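Student:
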Amino acid sequence: MTEDLTPDVQGILDDHGERIGSLERWRDGVDGKLDDIRHELGAVRAEGKERSAVSAAAMERQSRDIQDLTRQLAEHTGAQKERNRLEQAKLTKARIAESRWKKRAAICGLVFAVFGAVGGTLLSSQTWDDFFFANVPFLHRHHGIAAAPPPAQNIG
1 MTEDLTPDVQ GILDDHGERI GSLERWRDGV DGKLDDIRHE LGAVRAEGKE RSAVSAAAME
61 RQSRDIQDLT RQLAEHTGAQ KERNRLEQAK LTKARIAESR WKKRAAICGL VFAVFGAVGG
121 TLLSSQTWDD FFFANVPFLH RHHGIAAAPP PAQNIG
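Going by UniProt numbering, the letters in the sequence shown line up with residues 1 to 156, in that order.
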């Protein structure tokens with residue numbers, strides 16, 4: 001059939017055949033490149049998914065670590081608060097006991113002061129002094145009352 005055609009048509013057909021052949025080769029090259037791109041895109045997606053999974057696992061691990069740390073801090077803070085509360089209660093008891101002893105000491109001081117004043121007043125009296133200490137020679141005071149001079153004798 002190609003023999004019936006004129007040489008011009010044959011040249012055009014050959015030229016078109018070459019163009020079609022080059023287009024097919026170009027398309028085959030593009031298809032190969034597209035396949036490579038698809039393969040690369042699949043690998044990038046797989047790597048992205050792997051990174052995402054690793055990131056999620058790391059974030060979950062960090063979240064657990066933060067929660068554990070928060071729990072430990074809460075326990076430590078609670079224990080510290082309890083220790084502080086116990087120390088404060090102990091200090092309060094010590095202050096109350098100290099204030100009781102101060103009150104008792106003040107009352108005893110006042111009582112002794114009153115007894116001392118009363119005793120000093122009562123014992124400063126000469127009568128009491130003579131009554132209590134009359135038989136103790138070195139404590140007994142001799143009062144300035146001298147014995148009356150003997151009566152004057154009348155001579156004559």
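In this text, a Cβ means the ideal position worked out from N, Cα and C, and glycines have one as well. Remember, predicted model here, so these are calculated numbers, not experimental data.
Could you tell me which uninterrupted alpha helix (DSSP H) segments, each at least 4 residues in length, are contained entirely in the stretch 20-86, listed from first to last along the chain?
Tutor: For the stretch 20-86, not a single whole alpha helix (DSSP H) run of length 4 or above is found.
Student: Work out the CA separation of A56 and G48 for me, nearest whole Å.
Tutor: Each residue's alpha carbon lies about 12 Å from the other.
Student: Would you say I96 lies against chain D (beta-carbon separation less than 8 Å)?
Tutor: Judged by its chain identifiers, the structure shown contains no chain D, having just a single protein chain.
Student: Please report the straight-line C-alpha distance between R64 and G78, rounded to a whole angstrom.
Tutor: The straight-line gap from Cα to Cα measures roughly 21 Å.
Student: So, with DSSP's three-state summary, where would you put K121?
Tutor: With the sequence shown as reference, residue 121 is identified as Thr, and Lys is not the correct amino acid for it. Helix, per DSSP.
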